[in-house]
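Heads up: the structure comes next, in structure tokens.
Right, here's the structure in full:
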């Protein structure tokens, strides 16, 4: 094993028998931007967790829309539809058909379209499961009074139409758009990397990486990247440069932050001592979005304290945005 111990330096190279001075080979699946001023489909949950008598709140399926424009949009008469059946019939869900209601979606505001048997927002399955939505008036929740949408768990469509029936946005999704390294995606939504990406492109979407809820209806997507970072160069940052795990509340852990282009990944994070010995595995085969953060508390795999010294942090990633495996390395000093 070849290690690089230029203090606080960073090394990036490709493995799989590719030389260290080769540039990263992207595989041509970079997502495409499409500037939009009207609401867009931004997140979909089509395979929710719903099980009787398990003591856990059921998830409803939902479609999240987002207004990326600069003007407030009146959604009165707007509706969503799924894919037509072989007979040509399709389900239509009017979510803003009450003229007495507030059907406005402000710039930068999220709207969540959800099937519920109750019209009481606070009693809805959506708010009970995603409890951060409780009392949050900044998120519009549009309830369609029914138990569920008819969205298939493998492939289907979601089409957003205005009151005239004009298609505003649409996506023909597939369960294969989920992170291919995730073993179980039930109860996990599909999220866009950025709301301005083409909705009907597989490279615009991946699995939510929210480890608590499995989705982020009504708030920033967990895999979100701003436009200027969608094709960012892989990078690794370890802070602070020197840490002291003395449990005094300051500088007790090293934060390991990695960044990749928009895509789905599987990462491994390993700590090596100056002899090249792997002393701590923080992650192995971990499904990940384009950015992630882990912490090292200065303990080895057997929970014994690592000795003072310079350690190498290695992040290895396989992903959908590039060919081969990318490895990022950076040093960190541990002082006891």
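In the working numbering, the protein residues as written are 1149 to 1484. No residue lacks a Cβ here, since even glycine has one placed at the ideal position from N, Cα and C.
Assignment of residue 1190 by DSSP, reduced to helix, strand and coil, places it in the strand class.
Linking residue 1460 to residue 1426 through their CA atoms gives a straight-line distance of about 9 Å.
Nearest C-alpha to residue 1220 among 1233, 1330, 1288: 1288. Just so you know, the alpha carbons of residue 1366 and residue 1421 end up roughly 43 Å apart.
In the three-state DSSP reduction, residue 1278 falls in the coil class, being neither helix nor strand. For residue 1240, the closest alpha carbon among the candidates 1479, 1354, 1308, 1334 is that of 1308. Within the model, the alpha-carbon separation for residue 1428 versus residue 1401 is close to 14 Å. Here residue 1380 has 1407, 1409 as same chain residues with Cβ atoms under 7 Å from its own Cβ, once five neighbours each way along the sequence are excluded. Beyond the five residues adjoining it in sequence on each side, residue 1255 comes within less than 7 Å, by CB distance, of 1215, 1217, 1218, 1219, 1220 in the same chain, given in chain order.
Between the C-alpha atoms of residue 1438 and residue 1346 there is a straight-line separation of about 18 Å. Taken in chain order, the whole beta strand (DSSP E) runs of length 3 or more contained in the region 1195-1247 are 1210-1214, 1227-1229, 1240-1242. Per the coordinates, the alpha-carbon of residue 1198 lies some 10 Å from the alpha-carbon of residue 1273. Judged by DSSP in its simplified three-state form, residue 1410 adopts coil rather than helix or strand.
The straight-line gap separating the alpha-carbon atoms of residue 1393 and residue 1451 is approximately 13 Å. Beta-bridge analysis with DSSP links residue 1316 to no other residue.
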